[in-house]
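I have placed the structure first, in the form of structure tokens, so that the comments after it can refer back to it.
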Amino acid sequence: MLSIKNFFKKIIKIIKLSSNIDNGGDDDDDDDDDDDDDDDDDDDDDDVMMMMMMMMMMMMMMMMMVRRRRKRKRIMDVMKNMMKSISTTDIIVKLIKLNDNV
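If you count by full-length UniProt numbering, then the sequence shown holds residues 1 to 102, one letter each, in order.
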């Protein structure tokens with residue numbers, strides 16, 4: 001089973017990835033992205049959402065394995081915070097895209 005430390009490192013990495021979603025490719029500053037073409041923005045969004053879903057599934061599996069109620073509650077709190085971060089980053093990305101279109 002994945003150690004807790006590595007597990008949270010992966011969660012932080014995925015949240016950072018979700019906050020670095022490209023906002024259409026119209027900006028001139030250099031991002032940390034390796035790819036140069038801007039045609040696959042939808043693919044990037046799908047990949048991030050897929051990784052988030054995988055993390056949620058892993059947390060659900062951890063919750064099933066944990067017997068103590070307090071630990072299950074902690075895992076649930078982490079999941080709730082993760083869902084909040086997903087929704088806020090999605091909202092921010094949508095606002096940036098709307099702002100660029102205006």
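We treat Cβ as the ideally placed atom computed from N, Cα and C, and that holds for glycine.
Quiz item: Which residues in the same chain have their Cβ closer than 6 Å to the Cβ of Met-51, if we skip the five residues on either side of it in sequence?
Solution: As a working mapping, residue 51 is identified with position 51 in the sequence shown. Closer than 6 Å at Cβ, skipping near neighbours: Ile-14.
Quiz prompt | Residue-level contact to chain D via CB, Met-58, 8 Å cutoff | solution = In the structure shown, chain D cannot be found, because there is only a single protein chain.
Quiz item: Would DSSP call Val-66 helix, strand or coil?
Solution: Position 66 of the sequence shown holds residue 66. Three-state result, Val-66: coil.
Practice problem: Report all residues from its chain with a CB closer than 7 Å to the CB of residue 120; omit the five preceding and five following residues, and keep chain order. | Solution: No answer is possible for residue 120: the residues shown for the chain start at 1 and end at 102.
Quiz item: What's the gap between the Cα of Val-93 and the Cα of Asn-6?
Solution: Counting from 1 along the sequence shown, the entry for residue 93 is found at position 93. Counting from 1 along the sequence shown, the entry for residue 6 is found at position 6. Taking the straight line joining both Cα atoms gives about 28 Å.
Quiz item: When burial is assigned at 16 or more other CB atoms within 10 Å of the CB, is Met-61 buried or exposed?
Solution: If you number the sequence shown from 1, residue 61 lands on position 61. A residue is called buried when at least 16 other Cβ atoms come within 10 angstroms of its Cβ; Met-61 does not meet this threshold and is exposed.
Exercise. Please list, in chain order, all residues of the same chain as Asp-30 whose beta carbon is under 8 Å from its beta carbon, the five residues on each side excluded.
Key: Taking the first residue of the sequence shown as 1, we reach residue 30 at position 30. No answer about Asp-30 holds up, because its pLDDT of 49 lies below 50 and its placement is not dependable.
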